[in-house]
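I have placed the structure first, in the form of structure tokens, so that the comments after it can refer back to it.
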Amino acid sequence: MPMQPKPQVFRKKLFETNLRDERYLPFELSGAVSQWRLELPADVRQFDYNTISDVILHLRYTARDGGEQLRKGASEKLKDHDRKSAGCQVGAAVLGEA
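Here's what the structure looks like:
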């Protein structure tokens with residue numbers, strides 16, 4: 045699931061987290077399973093992209109406990125991802141409990 049809100053979302057300032065707002069925020073109710081891709085413009089390079097050694101992405105995620113069924117599904121997805129990416133080192137992820 046690509047996670048790219050439409051430009052009008054930012055213009056309307058709906059992307060500001062207000063937990064008392066009754067409207068759904070972008071990505072709300074869509075879960076945490078996602079794929080992300082970082083793209084930098086190829087035609088206008090303000091610096092040498094080969095100098096990038098690491099990318100740090102800060103996410104704030106809040107969720108209710110989804111129970112055993114969701115836990116099993118997430119574990120299976122993670123195991124499947126590990127099997128598919130065995131031997132490939134394209135990045136690192138830290139998983140933990142809040």
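Taking this note's numbering, the leading residue of the sequence shown gets 45, the next gets one more, and so forth.
No residue lacks a Cβ here, since even glycine has one placed at the ideal position from N, Cα and C.
No experiment lies behind these values; they were computed from the predicted model shown.
Which of helix, strand or coil DSSP assigns to residue i
i	result
histidine 125	helix
leucine 84	coil
glutamine 90	coil
serine 78	coil
serine 119	helix
glycine 110	coil
Residue i at chain B interface by Cβ criterion, 8 Å
i	result
isoleucine 100	Given the protein chain composition of this structure (a single chain), no chain B is represented.
Beta-carbon proximity check, residue i vs residue j, cutoff 8 Å
i	j	result
tyrosine 93	leucine 84	yes
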